[in-house]
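Q: Would you mind keeping the following structure in view while I ask a few things?
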Amino acid sequence: MRTALYPGSFDPVTYGHLDIIARAAPHFDRLVVAVFDRPNRRLRFDGAQRVALLREATSGLARVDVQPYHTLTVDYARAIGASVIVRGLRSPADLAAEQPIAQHNRVMAPDIETFFLIAAPHHAACSASIVREIAALGGDVTSLVPPHVAAALRNVGAEA
Ligand code: ADP
């Protein structure tokens, strides 16, 4: 059984994340999409909401399992038996950020490889932070996130 782990904050899940999930999943028996519970930044959605939005977005995808996690990524990968960590690269800036993380993960867990998928050109400008910013100012995010995520963003906007 080959298990891969796709970790992130997914605040919220975007079509860019979903493209990586759909492309990676067929190459493994199981792809665990893991939502990091406590990233070092302010969040729009709490952990349970981010998991629920991702579960709804991936409900039609076989082999994909969405779970929360709060430990080191390599420790979580070991705990679920994943031999591969999947990450997406949109730009040289993403590579610059991802390279040291992958290298430190490699030192801590030489048995776990990081696989990078290059973002599709039409998703390369899509980021959760841009989505949050546009939505917070009342803009239309329907080309960037699934309808249920756009609705959830409208609701948090209404509460704020
Ligand atoms: P973001 O960087 O959008 O806040 P995350 O921290 O949740 O998102 O990122 C999880 C992973 O998904 C990272 O490897 C990130 O580079 C990747 N990713 C995010 N958006 C896209 C996209 N539009 N296309 C491809 N990969 C992406």
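Quick note: the sequence shown uses the numbering used here, first residue 491, plus one each step. Using N, Cα and C, we set each Cβ at its ideal position, and we do this for glycine too. Treat the numbers as computed from the prediction; the structure is a model and nothing was measured.
Could you give the DSSP three-state label for ILE570: helix, strand or coil?
A: What you label residue 570 is simply residue 80 of the sequence shown in a count that begins at 1. If DSSP states are grouped into helix, strand and coil, ILE570 belongs with the helices.
Q: Can you find the residues in the same chain that come closer than 6 Å, C-beta to C-beta, to PRO636, ignoring five residues on each side of it along the sequence?
A: By one-based count along the sequence shown, residue 636 stands at place 146. So the qualifying residues of the chain are ALA547.
Q: Work out the CA separation of ALA512 and LEU551 for me, nearest whole Å.
A: Within the sequence shown, numbered from 1, the residue matching residue 551 stands at position 61. Within the sequence shown, numbered from 1, the residue matching residue 512 stands at position 22. Looking at the two C-alpha atoms, the distance is approximately 8 Å.
Q: Do the segment 533-547 and the segment 495-513 meet, that is, are 3 or more Cβ pairs less than 8 Å apart?
A: Yes: the two stretches touch, three or more of their Cβ pairs being nearer than 8 Å.
Q: Kindly indicate the opening and closing residues of the beta strand (DSSP E) around LEU521.
A: Residue 521 sits at position 31 when you count from the first residue of the sequence shown. Where LEU521 is concerned, the enclosing beta strand (DSSP E) stretches over 520-526.
Q: Can you list, in chain order, the residues of its chain whose CB lies under 6 Å from that of PRO558, leaving out five sequence neighbours each side?
A: By one-based count along the sequence shown, residue 558 stands at place 68. Once the five neighbours on either side are set aside, the close Cβ partners of PRO558 are VAL525, ASP527, GLY537 and VAL541.
Q: Assess contact between the segment 568-581 and the segment 598-605, defined as three or more Cβ pairs (one per stretch) separated by less than 8 Å. Is contact present?
A: The segment 568-581 vs the segment 598-605: in contact.
Q: Using the beta-carbon count (16 or more within 10 Å), is PRO497 buried or exposed?
A: Here residue 497 is taken as the residue at index 7 of the sequence shown, counted from 1. By the 10 Å Cβ count, PRO497 comes out buried.
Q: Could you say which of TYR505, GLN539, ARG492 and ALA572 lies nearest to PRO516 if we only look at CA atoms?
A: As a position in the sequence shown, residue 516 is number 26, starting the count at 1. Considering only alpha carbons, the answer is ARG492.
Q: Distance, Cα to Cα, ALA572 vs VAL646?
A: Residue mapping note: residue 572 aligns to position 82 of the sequence shown, counting from 1. Residue mapping note: residue 646 aligns to position 156 of the sequence shown, counting from 1. Between ALA572 and VAL646, the C-alpha separation is close to 34 Å.
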